[in-house]
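Trainee: Numbering of the sequence shown is given in my numbering, commencing with residue 14 and proceeding in unit increments.
Positions of the beta carbon are idealized from the N, C-alpha and C atoms, including for glycine.
Submitted below is the structure of interest, expressed as structure tokens.
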Amino acid sequence: MPARLTLTITQGPDMGKLFVFDEHDTLLFGRRADCHICLPDDKTLSRHHFLLEVNPPDARIRDLGSLYGTYVNGQKYGGREKHETPTEGARRQYPQVDLHDGDSIKVGQTVFKITVETATLPAQEVQEVRCQRCGKKGPAPASSADTLCEQCRQPTEQDPLPFLLTLLPPLSQQNQQGHRLLQYEMGRQLGAGGMGAVYLALHKSTREQVAVKVMLSKVRVHEKARRQFFREISLTSALEHPHIVQFLGSGAEGDLFYFLLEYCTGGSMADLMKRRGGRIPIDEAMPLLLQTLMGLTFIHERGFIHRDLKPHNILLSGQEGQCIAKLSDLGLAKSFVQAGFSGMTVTGGFAGSFPFMPREQVINFKRVKPVSDVWAMGATCYFLLTGAYPRNHQPGQDPLIAILQEESVPIRKRFPYIPSGVAEVLDRSLATRESERYQTAGEMYQALSDVWKI
């Protein structure tokens, strides 16, 4: 049986209500109508009181600058000072707490109890195993021979390729996946983020350059989950389009996954932005952004979403001045997160993605739709053209509070000389209400191409 977490309301207006989680999800609690548990008449609650993120068997709670705080097992976490207004309290980040079986949460009149159910392994399957990086021994199920100790996990997350290479079987035992990876000479790291690192590689025979993305799961990967993940990405990896990075192959060893991808020599739009001094001139940016929307339109028309659109995930192929834009990471982030391999992505703080995350991606974590990609694409355009994020984000402010409570600043307040038609399209794409945005990338592309002819 897979791990399952149950949140039971044991006291308060909704006493007896259950929330059962058997996969990665979030739950928002407070007085506002957009909360999963909404108690508008409990005046001791804040509009957005706390966010619970669950990735069974793990769970984490984060107070969102509430007035009275959140109590876990009787201990108070978060809460504004009495003299602070909600705006003042939102300017700082509040502690988050990992939850365990039997813990209780109290906010206002409501008390919750956490129950965690996990698969129980037979006693004979428990043995002493070694960390595969440093050799340190520790108790773990026999199936976790690929376990990393805590001391080794952080450096491996930052630079996972060396560890991956040690896991490949000897030449005489190589399977097809391992053999394929060893056909390449591994080069420098091209970049790293919250979900992995990317390396340049050269095929030993053909001398073709490729990019190798390596992702380390933050949880132990069971064979069933691994197979399901590869089934998911097989659907998106087969997509081919001039403005989508080509997928060349994939594999896994232990808790590590690797992906062979088309290498784009021009770097990312984020890199181009740095080369241009902090923002890309609109005459240079718009053709590239329209090309990106072509790729995104192709994805949406085939029933897929990207989920992690941002400047770092738009790559440039070709020589300076003649580059074409290509969407990268198609389906990888979405499938990795939904499989639970990413650990806690909302409370865990993949800070690079927060400014490009629409509100509904926090509130309706599992039910992100093409309209959410539209917001992320609008935020990407906004940032590349202005050098600023759409929402005001005070230094030290909890990014989750900014997502839940801040509205986008009209782009003309950042960039007064932007053509009015382009400004209107981008402002509409960044509307807080999903119904007020373009519903798909195709709609956004049509509107933007109408006001900006390539």
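What's the C-alpha gap between residue 208 and residue 327?
Mentor: Looking at the two C-alpha atoms, the distance is approximately 16 Å.
Trainee: With a threshold of 16 other CB atoms inside 10 Å of the CB of residue 281, please say whether the residue is buried or exposed.
Mentor: When all chains shown are included, residue 281 counts as buried.
Trainee: Quick one: measure Cβ to Cβ for residue 273 and residue 211, integer angstroms, because I've assumed they're closer than 8 Å.
Mentor: About 11 Å separates the two Cβ atoms, so there is no contact after all.
Trainee: Does the Cβ-Cβ distance between residue 394 and residue 302 come in under 8 Å?
Mentor: Taking 8 Å as the Cβ cut-off, residue 394 and residue 302 qualify as a contacting pair.
Trainee: At the level of alpha carbons, what is the spacing between residue 94 and residue 83?
Mentor: Each residue's Cα considered, the two are about 13 Å apart.
Trainee: If you draw a straight line from the C-alpha of residue 118 to the C-alpha of residue 50, how long is it?
Mentor: Going from the Cα of residue 118 to the Cα of residue 50 covers about 14 Å.
Trainee: In chain order, what residues of the same chain have a beta carbon less than 6 Å from the beta carbon of residue 336, not counting five sequence neighbours either side?
Mentor: Excluding residues within five positions, the ones whose Cβ falls inside 6 Å are 279, 329.
Trainee: Three-state secondary structure (DSSP) at residue 418?
Mentor: DSSP places residue 418 in helix when its eight states are reduced to three.
Trainee: Please determine if the segment 215-233 and the segment 304-320 are in contact, where contact requires at least 3 C-beta pairs separated by less than 8 Å.
Mentor: Taking 8 Å as the limit for Cβ pairs, the verdict is that the segment 304-320 does not touch the segment 215-233.
Trainee: Starting from residue 199 and walking both ways along the alpha helix (DSSP H), at which residues does that stretch end?
Mentor: From DSSP, residue 199 is part of no alpha helix (DSSP H) but of the beta strand (DSSP E) over 197-206.
Trainee: To the nearest angstrom, report how far apart residue 447 and residue 466 are at their CA atoms.
Mentor: Rounded to whole angstroms, residue 447 to residue 466 spans 27 Å at the Cα level.
Trainee: Let me check understanding here. Comparing Cα to Cα, which of 60, 96, 181, 179 lies closest to residue 121?
Mentor: Comparing Cα positions, the closest option is 60.
Trainee: With distances taken from CA atoms, which of 382, 388, 250, 413 is nearest residue 367?
Mentor: Among 382, 388, 250, 413, the Cα nearest to that of residue 367 is on 413.
Trainee: Which one of 196, 314, 345, 57 has the shortest CA to CA distance from residue 181?
Mentor: Here the closest residue by C-alpha is 196.
Trainee: Could you compute how far the alpha carbon of residue 15 sits from the alpha carbon of residue 238?
Mentor: Residue 15 and residue 238: Cα-Cα distance of roughly 10 Å.
Trainee: Using a 10 Å radius around the Cβ and a threshold of 16 neighbouring Cβ atoms, would you call residue 341 buried or exposed?
Mentor: With 16 or more other Cβ atoms within 10 Å, it is buried.
Trainee: Please report the straight-line C-alpha distance between residue 162 and residue 110, rounded to a whole angstrom.
Mentor: Rounded to whole angstroms, residue 162 to residue 110 spans 22 Å at the Cα level.
Trainee: What is the residue span of the beta strand (DSSP E) that residue 263 lies within?
Mentor: 260-266 is the span of the beta strand (DSSP E), which, as asked, contains residue 263.
Trainee: Does residue 23 come out as helix, strand or coil in the three-state DSSP assignment?
Mentor: It is a strand residue.
Trainee: Let's see if you can read the secondary structure: which residues bound the alpha helix (DSSP H) around residue 130?
Mentor: No alpha helix (DSSP H) contains residue 130, which is instead part of the beta strand (DSSP E) from 123-130.
Trainee: For residue 53, I'd like the list of residues in its chain whose CB is within less than 6 Å of its CB, leaving aside the five on either flank, ordered along the chain.
Mentor: Only 44 meet the Cβ criterion.
Trainee: Do the segment 287-301 and the segment 343-355 touch if we need at least three Cβ pairs shorter than 8 Å?
Mentor: No: the two stretches stay apart, fewer than three of their Cβ pairs being nearer than 8 Å.
Trainee: For the alpha helix (DSSP H) that contains residue 237, what are its first and last residues?
Mentor: Segment 236-250, the alpha helix (DSSP H) holding residue 237.
Trainee: Taking the DSSP output, what are the residues bridged to residue 5?
Mentor: For the chain, the structure presents residues 14 to 467; residue 5 sits outside this window and is missing.
Trainee: Do residue 34 and residue 69 have their C-beta atoms within less than 8 Å of each other?
Mentor: Yes. Within cutoff.
Trainee: Does the distance from the CB of residue 421 to the CB of residue 404 come in under 8 Å?
Mentor: Cβ distance < 8 Å, so residue 421 and residue 404 count as in contact.
Trainee: Can you list, in chain order, the residues of its chain with a C-beta nearer than 6 Å to that of residue 250? Leave out the 5 residues immediately preceding and following it.
Mentor: Correct list, in chain order: 260.
Trainee: Quick one: Cα of residue 287 to Cα of residue 339, how far?
Mentor: For residue 287 and residue 339, the distance between alpha carbons rounds to 18 Å.
Trainee: Please report the Cβ distance between residue 64 and residue 41, rounded to the nearest whole angstrom; I am assuming they are in contact, meaning their Cβ atoms lie under 8 Å.
Mentor: Sure, about 5 Å apart at Cβ, within 8 Å.
Trainee: Compute the distance between the beta-carbons of residue 352 and residue 371, then report whether it is under 8 Å.
Mentor: Cβ distance not < 8 Å, so residue 352 and residue 371 don't count as in contact.
Trainee: If we call anything under 8 Å between Cβ atoms a contact, is residue 461 one with residue 392?
Mentor: Cβ atoms of residue 461 and residue 392: not closer than 8 Å.
Trainee: Based on the DSSP output, what are the partners of residue 76 in its beta bridges?
Mentor: Paired residues: 63.
Trainee: How far does the alpha helix (DSSP H) with residue 284 in it reach, from first residue to last?
Mentor: It spans 282-288 - the alpha helix (DSSP H) in which residue 284 sits, taken as one unbroken run.
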